[in-house]
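> Below is the structure I would like to discuss, written out as C-alpha cells.
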Amino acid sequence: MSVGASLVVLGGFGAASFYFASRLATADRAVERANANMSSAFRIVVARQEGEHITKAYVVRPDSQTHHALKGVQTQVEDALDAMRRGTEDNPRQYQRVQALAEGAARNFEVFRTTVRLRDRIGADSARKFLTAETTVRAADSLMSIVEQIREEELRVLGEQTLLQSAHSASAQRLILIGMVLAFLAAGLVLQPMRQAVAHRITTHIVREHASGGGEISDRPPTTLPGDQ
630 MSVGASLVVL GGFGAASFYF ASRLATADRA VERANANMSS AFRIVVARQE GEHITKAYVV
690 RPDSQTHHAL KGVQTQVEDA LDAMRRGTED NPRQYQRVQA LAEGAARNFE VFRTTVRLRD
750 RIGADSARKF LTAETTVRAA DSLMSIVEQI REEELRVLGE QTLLQSAHSA SAQRLILIGM
810 VLAFLAAGLV LQPMRQAVAH RITTHIVREH ASGGGEISDR PPTTLPGDQ
C-alpha cells in the first residue's frame with residue numbers, strides 16, 4: 630500500500646468521524662433549544678400571574694407605578710414569545726401552539742389594561758367585577774393547557790434527539806477505533822519497503838568500506854588463534 634493510498638484511507642475515516650461529531654453537536658443544540666422553549670413557556674405563565682397580581686393590587690390601591698410595572702411584565706411575555714417563535718420555526722405544529730399561547734397571553738393582558746382603565750374612570754367596584762368575570766379559573770387553565778402541550782412536544786423531541794445522539798456517538802466511537810487500527814496497519818505497510826531499502830543501503834555501504842580498505846567479506850566464521858584461548 631502506497632503512502633498516498635494510506636492517507637486517503639485515513640482521510641476518509643477522519644471525514645466520517647467529523648460528520649458524526651457534527652451530528653452530535655446538532656443534537657446538543659436541539660436539546661438546548663428544547664430546554665429554552667420550555668423555560669420561555671413557563672416564564673409566560675409566571676408573567677401572566679404577576680400581571681394579574683399587579684392589576685388586583687391596583688384595583689384595591691391605585692399606584693402610579695402600576696402602568697409601568699404592567700408594561701414591563703408584558704414586555705417579558707413578548708420577548709419570551711419571540712424566542713419561542715424563533716425556536717419552533719422548523720416545527721409547524723409546535724409553532725401553531727406558540728401562536729395560540731401568544732393569543733391567550735394577549736387576551737389576558739388586554740383584560741388587565743381594561744381593568745386599570747375602569748378603575749381610573751369608574752371606580753373600584755366596576756373594575757373588580759370586570760376582572761373577576763374575565764380572569765376565571767378556566768382562562769388560566771386554558772393558558773396552562775397550551776403550555777403543557779408545548780412541554781409534551783418538546784419532551785418528545787428531546788427523546789428523539791437523545792436516541793439519535795446515542796446512535797451517532799456509538800457510530801463515531803466505532804469509526805475512530807477502526808481508523809486507529811487501520812492507521813497502525815497502514816503505517817506498518819508503508820514502513821516495510823523502507824526497512825528493506827535501509828537494509829540494502831547499509832549492506833552496500835559495508836561492502837564499499839571493505840572494498841576500499843582492501844578487505845574481503847567472508848561468510849565463514851572467524852578463525853580462533855591459539856593464543857586467544
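Numbering (our numbering), first residue to last: 630 to 858. Idealized CB from N, CA, C, for every residue including glycine.
Could you tell me the boundaries of the alpha helix (DSSP H) in which G701 lies?
From DSSP, the alpha helix (DSSP H) with G701 extends over 695-716.
> Using 8 Å as the threshold, is the segment 736-745 in touch with the segment 697-715, meaning 3 or more CB pairs across them?
The answer is yes - the segment 697-715 touches the segment 736-745, with three or more Cβ pairs under 8 Å.
> Using 8 Å for Cβ pairs, my map puts N720 next to G680. What's the rounded Cβ distance?
So it is not a contact: roughly 28 Å between Cβ atoms.
> Express the C-alpha separation of A676 and Y724 in angstroms, rounding to a whole number.
C-alpha separation (whole angstroms): 20 Å.
> Starting from R690, trace the alpha helix (DSSP H) both ways and give me its first and last residue.
Element bounds for R690: n/a, residue is neither H nor E.
> Mapping DSSP to helix, strand and coil, what is I751?
Coil at I751, not helix or strand.
> CB-CB under 7 Å to E783, same chain, minus the five flanking residues each way: which ones, in chain order?
A663, N666, M667.
> For A686, I'd like the list of residues in its chain whose CB is within less than 8 Å of its CB, leaving aside the five on either flank, ordered along the chain.
Here the set comprises D692, T695.
> Measuring straight from C-alpha to C-alpha, what distance separates I751 and S771?
Cα to Cα, the separation comes out at about 30 Å.
> With H, G and I counted as helix, E and B as strand and the rest as coil, what does DSSP make of T832?
Of the three classes helix, strand and coil, the one that applies to T832 here is helix, per DSSP.
> Measure the beta-carbon distance from F671 to V776 and round it to whole angstroms, keeping in mind my assumption that it falls under 8 Å.
The Cβ separation is near 7 Å, so the contact holds.
> DSSP on T761, reduced to helix/strand/coil?
Residue state, collapsed to three classes: helix.
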